[in-house]
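Below: the structure, in structure tokens.
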Amino acid sequence: MPEEVMRRLLRAQSASRIGAICLYVIAATLGAIALTSLFTFMGQGEVPFAPIARLTLSAVTTICLAEFLRNFRQGASPLGSGQATRVAVAGLLLLSYALLDLFGPATSYHLDVSGGTMPVAITSQPGFNPMMLSLAGFLLCLALVVRYGDALK
Numbered sequence: 019m020p021e022e023v024m025r026r027l028l029r030a031q032s033a034s035r036i037g038a039i040c041l042y043v044i045a046a047t048l049g050a051i052a053l054t055s056l057f058t059f060m061g062q063g064e065v066p067f068a069p070i071a072r073l074t075l076s077a078v079t080t081i082c083l084a085e086f087l088r089n090f091r092q093g094a095s096p097l098g099s100g101q102a103t104r105v106a107v108a109g110l111l112l113l114s115y116a117l118l119d120l121f122g123p124a125t126s127y128h129l130d131v132s133g134g135t136m137p138v139a140i141t142s143q144p145g146f147n148p149m150m151l152s153l154a155g156f157l158l159c160l161a162l163v164v165r166y167g168d169a170l171k
């Protein structure tokens, strides 16, 4: 392997290691928030599906992307067919997240203060999030690019 190509590979592998670690930390944080929310809602007697599903989808998507980076760094073939599958799954999960936002129910919250409940109207409305759709489309196209790279090698 030419020296310049090897240097670029090592740089990409180093960046992938740092990126994977960061994404695993983010996924663990999202998982902890999802579990805390689940237990909090269970303590209140009602577990709304949409907020827990959003957090879970976010955590699993982040894990898929972290696995892509980890396998890029450690795998003998950074552009293997498994890599394309990881990116495609992440894209489909983001698409699911966007659809959940679009068709999911509105979530409302209340604020508890010592001595009583303070009336606060905080709601999230279902709606179209173009950023999630564009990221999902990008990841699905990137999966095809990675599959093409695998075919070229």
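For the sequence shown, this note's numbering begins at 19 and goes up steadily by one. The C-beta atom is built at its ideal place from N, Cα and C for all residues, glycine as well.
Would residue i and residue j qualify as a contact pair, given that the criterion is a beta-carbon distance under 9 Å?
{"i": "Ser34", "j": "Phe121", "result": "no"}
{"i": "Ile39", "j": "Thr80", "result": "no"}
{"i": "Ser99", "j": "Arg165", "result": "yes"}
{"i": "Ala169", "j": "Leu118", "result": "no"}
{"i": "Leu158", "j": "Leu87", "result": "no"}
{"i": "Ser76", "j": "Lys171", "result": "no"}
Sorted by chain position, which residues of the same chain lie with C-beta nearer than 7 Å to residue i's C-beta, five sequence neighbours on each side aside?
{"i": "Ala116", "result": "Asn147, Met150, Leu151 and Ala154"}
Excluding sequence positions up to five away, which residues of its chain have a Cβ less than 8 Å from the Cβ of residue i?
{"i": "Ile70", "result": "Ala52, Ser55, Leu56 and Phe59"}
{"i": "Glu22", "result": "none"}
Which stretch, first to last residue, makes up the alpha helix (DSSP H) that contains residue i?
{"i": "Gly109", "result": "Ser99 to Phe121"}
{"i": "Ser34", "result": "Glu21 to Gln62"}
{"i": "Pro69", "result": "Phe67 to Gln92"}
{"i": "Pro148", "result": "Pro148 to Leu170"}
Am I right that residue i and residue j are in contact with their C-beta atoms under 8 Å? What's the rounded C-beta distance?
{"i": "Ala161", "j": "Ala106", "result": "4 Å"}
{"i": "Leu111", "j": "Val78", "result": "6 Å"}
{"i": "Leu178", "j": "Leu73", "result": "As shown, the chain starts at 19 and ends at 171. That puts residue 178 outside it, with no answer to give."}
{"i": "Ala108", "j": "Cys82", "result": "4 Å"}
Within a Cβ cutoff of 6 Å, which residues of the same chain sit near residue i, ignoring the five residues on either side of it in sequence?
{"i": "Tyr42", "result": "Ala84"}
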